[in-house]
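These protein sequences, in sequence, are chains U and S.
Position 44 (the first sequence) corresponds to 43 in numbering that gives the first Met the number 0; numbering is contiguous.
Position 120 (the second sequence) corresponds to 119 in numbering that gives the first Met the number 0; numbering is contiguous.
Don't be surprised by glycine CBs; every beta carbon is placed ideally from N, CA and C.
All remarks here apply to the structure that follows.
2 protein chains.
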Amino acid sequence: MATIRDVAKEAGVSVATVSRVLNNKGYVTKETEKRVELAIEKLKYKPNAIARSLSIRKSNIIALVVPAINNPFFPEIAKAVEDVAQAKGYKVFLCNTDDRRDRLIEYLHSLRDNFVDGIIINSENLTEADLEDLKQQDIPVITIDRVLSNQAFSSISVKNRYGGQLATNHLIQVGCQRIGHLSGPENVVTAKDRFWGYRDQLKNFDWFDQSWIVKVDFSIEGGYHGMKELFQRHPDIDGVFAANDLIAAGALKAAFEWGRKVPDDLAIVGFDGIDITELTIPRITTIQQPIYEIGKLAMEEVLRFINNSKATAKNYELDVKLIQRESTMR
Amino acid sequence: MATIRDVAKEAGVSVATVSRVLNNKGYVTKETEKRVELAIEKLKYKPNAIARSLSIRKSNIIALVVPAINNPFFPEIAKAVEDVAQAKGYKVFLCNTDDRRDRLIEYLHSLRDNFVDGIIINSENLTEADLEDLKQQDIPVITIDRVLSNQAFSSISVKNRYGGQLATNHLIQVGCQRIGHLSGPENVVTAKDRFWGYRDQLKNFDWFDQSWIVKVDFSIEGGYHGMKELFQRHPDIDGVFAANDLIAAGALKAAFEWGRKVPDDLAIVGFDGIDITELTIPRITTIQQPIYEIGKLAMEEVLRFINNSKATAKNYELDVKLIQRESTMR
DNA sequence: CATAGATAGGTAACCGATTACATTTTGATT
DNA sequence: AATCAAAATGTAATCGGTTACCTATCTATG
Numbered sequence: 000m001a002t003i004r005d006v007a008k009e010a011g012v013s014v015a016t017v018s019r020v021l022n023n024k025g026y027v028t029k030e031t032e033k034r035v036e037l038a039i040e041k042l043k044y045k046p047n048a049i050a051r052s053l054s055i056r057k058s059n060i061i062a063l064v065v066p067a068i069n070n071p072f073f074p075e076i077a078k079a080v081e082d083v084a085q086a087k088g089y090k091v092f093l094c095n096t097d098d099r100r101d102r103l104i105e106y107l108h109s110l111r112d113n114f115v116d117g118i119i120i121n122s123e124n125l126t127e128a129d130l131e132d133l134k135q136q137d138i139p140v141i142t143i144d145r146v147l148s149n150q151a152f153s154s155i156s157v158k159n160r161y162g163g164q165l166a167t168n169h170l171i172q173v174g175c176q177r178i179g180h181l182s183g184p185e186n187v188v189t190a191k192d193r194f195w196g197y198r199d200q201l202k203n204f205d206w207f208d209q210s211w212i213v214k215v216d217f218s219i220e221g222g223y224h225g226m227k228e229l230f231q232r233h234p235d236i237d238g239v240f241a242a243n244d245l246i247a248a249g250a251l252k253a254a255f256e257w258g259r260k261v262p263d264d265l266a267i268v269g270f271d272g273i274d275i276t277e278l279t280i281p282r283i284t285t286i287q288q289p290i291y292e293i294g295k296l297a298m299e300e301v302l303r304f305i306n307n308s309k310a311t312a313k314n315y316e317l318d319v320k321l322i323q324r325e326s327t328m329r
Numbered sequence: 000m001a002t003i004r005d006v007a008k009e010a011g012v013s014v015a016t017v018s019r020v021l022n023n024k025g026y027v028t029k030e031t032e033k034r035v036e037l038a039i040e041k042l043k044y045k046p047n048a049i050a051r052s053l054s055i056r057k058s059n060i061i062a063l064v065v066p067a068i069n070n071p072f073f074p075e076i077a078k079a080v081e082d083v084a085q086a087k088g089y090k091v092f093l094c095n096t097d098d099r100r101d102r103l104i105e106y107l108h109s110l111r112d113n114f115v116d117g118i119i120i121n122s123e124n125l126t127e128a129d130l131e132d133l134k135q136q137d138i139p140v141i142t143i144d145r146v147l148s149n150q151a152f153s154s155i156s157v158k159n160r161y162g163g164q165l166a167t168n169h170l171i172q173v174g175c176q177r178i179g180h181l182s183g184p185e186n187v188v189t190a191k192d193r194f195w196g197y198r199d200q201l202k203n204f205d206w207f208d209q210s211w212i213v214k215v216d217f218s219i220e221g222g223y224h225g226m227k228e229l230f231q232r233h234p235d236i237d238g239v240f241a242a243n244d245l246i247a248a249g250a251l252k253a254a255f256e257w258g259r260k261v262p263d264d265l266a267i268v269g270f271d272g273i274d275i276t277e278l279t280i281p282r283i284t285t286i287q288q289p290i291y292e293i294g295k296l297a298m299e300e301v302l303r304f305i306n307n308s309k310a311t312a313k314n315y316e317l318d319v320k321l322i323q324r325e326s327t328m329r
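Structure (structure tokens):
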């Protein structure tokens, strides 16, 4: 592999000049520029990105750290992030922590050590302390679905509690009398907020108590088993608010097996607005997040911090909206 | 940030000694080792990965390049790759090309320039020439679903043609008389092979011709529209082999809207064996690939090449098997 | 014509590790 | 005590870029 010194020699100039041509920076005559370009061509020279990173302490890479790529929510976010990143000449590396704190920590170290220019992260098991290093090194970190009290970084989230209210209200509107909740893991902030929204709407009903809530994983299996649990506890259940769409899909499956017709015997509302809610039969009513917007905004925030290290953090809270489909049409 | 020289000074030794302690290489007395470790502790020293990479030309990072993370097939592969990688101290960066050649090329350049230690790639629009650079630099590349004639690198694929035969045969067995095929994009090798398998089983029927085949994207929407097209062309269609599970799921949806009962009016077989085939109602019969195995094997091959630059390429062709579910039970 | 400022290009230090090679210390052997 | 190999540590070059600082040339201006 040719180095910049080889090119300099070939073109009969100094390395500084070659570097100037490479980054079109500083004064170089058209003529020398041509000579250098010819030399580059001839030697098939490719600048070494690592050496460059070491020198300027930037990599043109941003990382997107997600807890579970098998939740379609994250690929959709990723798509938006990549679109914006690519337009600005950045590359995106996706890191999947599989919900494990050890992997998260390792990735964070690795990213810091490799001079990524920014990090977009969605993770439950993330503490402020984990980001201390990054902050110290001025590596912008944007959190999704997680507002850190540390006001160093921007965050993007949605109105989860309001969404929970919307969903529950909708179930009441369509005539449900006994509404259960398949809640996400309790340490997850979004899950908690959605739960609160649900509770807000039901706390004054006399039939309502804790037994209407089952905590499950954010997964199809979680929803499936959780729904069966709810059927067992409350055979008279006629509506359920699932903390995300995967859970809702699992609940739908469970209802089918349990012999309950959706929406007539059981109305279901999910949360997120991922594509599979349109695939199921019946299609699932959901609280739609502006997923693409979230990813886009996150990446734009990263860029804002990259371009201005003194940028001030903002906490964005985006709107959600109810999309009614057959799973609640009765 | 403290550097290795700071540590050396603090511990009263040379940088070489510090490096030796860091990589426990060479001779160091227990005593100096302690002193160095204390200094590291005190200064909160973290070795700079970029500098290290520049020096040893390795990064402990391997990349997984996929065409579409929103196809659950790839997250499942990713999981396997990550599991093996992590066990061996490697980190995995996921690169999503979104099926675009320009992004693929950019990623490949970027990966080469950043000294990734290995690449696992699944991409249709990949030519041998694209890998020339990587080969030259001894960066192992393992292809999934794509056998390159260039025998420099290993490949992992499955018996796609046989799978197509299995699927079609199964449809015949359960009594289908008119069997269509929702084929993947024609430039995709796996799609082509699955098609051949389908054709093998039907070419001798006198009703069979090209009109029973519709080419679609490997997506739910693709399957949805393709199936409607098939219904229009052939109202008497009673079985369909979809080139992957997403297509099958779309077909299922279309059948529902078209008023055809699955499996009674239309039997459906998919391909891949991703989780959503168990979620749909009815669940979808599919040709199951050993997805986790594929990812695991790919990563193991990468490691084999990393540890032995003279390793010889192998072309693995794994088995597939029919998993019968309700979508063909009649 | 002298001079200042702009333009063009070069030299060498630096980013932060690794490591070949050199040097010193240790300890066993005779 | 002399000798020598093994053990321990140090020096400085190297990986391949960037860039602060320096020098030389060119042009415009009074």
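Compare the C-beta of residue i with all C-beta atoms of chain U and state if any pair is closer than 8 Å.
| i | result |
| --- | --- |
| TRP297 of chain S | The amino acid at residue 297 of chain S is misidentified as Trp; the sequence shows Ala. For ALA297 of chain S, the answer is no, since every Cβ of chain U falls outside 8 Å of its Cβ. |
| ILE119 of chain S | no |
| ALA79 of chain S | no |
| ILE141 of chain S | no |
| GLN85 of chain S | yes |
| PHE274 of chain S | A quick correction: the sequence has Asp, not Phe, at residue 274 of chain S. Chain U contact via Cβ: present. |
Kindly list, in the order they appear in chain U, the residues whose Cβ is closer than 7 Å to that of residue i.
| i | result |
| --- | --- |
| PRO71 of chain S | ASN69 |
| PHE114 of chain S | ILE49 |
Could you tell me whether the Cβ of residue i comes closer than 8 Å to any Cβ of chain S?
| i | result |
| --- | --- |
| HIS125 of chain U | Reading off the sequence shown, one finds Leu at residue 125 of chain U, where the question assumed His. No - not a single Cβ of chain S is within 8 Å of the one on LEU125 of chain U. |
| ALA271 of chain U | This sequence places Asp at residue 271 of chain U; Ala is not what is there. No, no contact with chain S. |
| ALA248 of chain U | yes |
| GLN176 of chain U | no |
| GLN323 of chain U | no |
| ILE219 of chain U | yes |
| LYS90 of chain U | yes |
Measure how close the beta-carbons of residue i and residue j come, nearest whole angstrom, since I'm counting them as under 8 Å.
| i | j | result |
| --- | --- | --- |
| ILE219 of chain S | ASP244 of chain U | Rounded, the Cβ-Cβ distance is 14 Å, inconsistent with contact. |
| ASN121 of chain S | VAL188 of chain S | Rounded, the Cβ-Cβ distance is 11 Å, inconsistent with contact. |
| GLY162 of chain U | ARG193 of chain U | 6 Å |
| ILE68 of chain S | LEU103 of chain S | So it is not a contact: roughly 14 Å between Cβ atoms. |
| GLU105 of chain S | LYS43 of chain U | Wrong, their Cβ atoms sit about 18 Å apart, outside the cutoff. |
| VAL35 of chain U | VAL12 of chain U | 6 Å |
| ALA322 of chain S | GLN287 of chain S | A quick correction: the sequence has Ile, not Ala, at residue 322 of chain S. Yes, they are in contact, since the Cβ atoms of ILE322 of chain S and GLN287 of chain S sit about 5 Å apart, within 8 Å. |
| ILE141 of chain U | ALA297 of chain U | 5 Å |
| ALA84 of chain S | ILE61 of chain S | 6 Å |
| ARG145 of chain S | ASN124 of chain S | Not confirmed; about 10 Å, so no contact. |
| VAL157 of chain U | GLU316 of chain U | 7 Å |
| LEU53 of chain U | ALA50 of chain S | 6 Å |
| ARG177 of chain S | ILE236 of chain S | 5 Å |
Hey, would you say residue i sits closer than 8 Å to residue j, going by beta carbons?
| i | j | result |
| --- | --- | --- |
| LEU181 of chain U | ALA250 of chain U | yes |
| ILE283 of chain S | GLY294 of chain S | no |
| ARG111 of chain S | LEU133 of chain S | yes |
| GLU75 of chain S | TYR291 of chain S | yes |
| GLY222 of chain U | ALA247 of chain U | yes |
| GLY196 of chain U | GLN164 of chain U | yes |
| GLU325 of chain U | PRO262 of chain U | yes |
| VAL6 of chain S | ALA38 of chain S | yes |
| GLY179 of chain S | PHE217 of chain S | no |
| ALA312 of chain S | ALA128 of chain S | no |
| THR279 of chain U | HIS169 of chain U | no |
| TRP257 of chain U | PHE230 of chain U | yes |
Using a Cβ cut-off of 7 Å, pull out every chain S residue sitting near residue i, in sequence order please.
| i | result |
| --- | --- |
| PRO74 of chain U | ILE68, ASN69 |
Interface residues of chain S around residue i at Cβ under 8 Å?
| i | result |
| --- | --- |
| PHE255 of chain U | ILE280 |
| LYS252 of chain U | LEU278, ILE280 |
Interface residues of the region 93-112 of chain U facing chain S [CB-CB below 8 Å]: LEU93, CYS94, ASN95, ASP97, ARG102, GLU105, TYR106, HIS108, SER109, ARG111, ASP112
So if I threshold CB-CB distances at 7 Å, which residues from the region 29-53 of chain S count as touching chain U? LYS45, ASN47, ALA48, ILE49, ALA50, SER52, LEU53
For the region 182-216 of chain U, which residues have a CB atom closer than 7 Å to at least one CB atom of chain S, in sequence order? none
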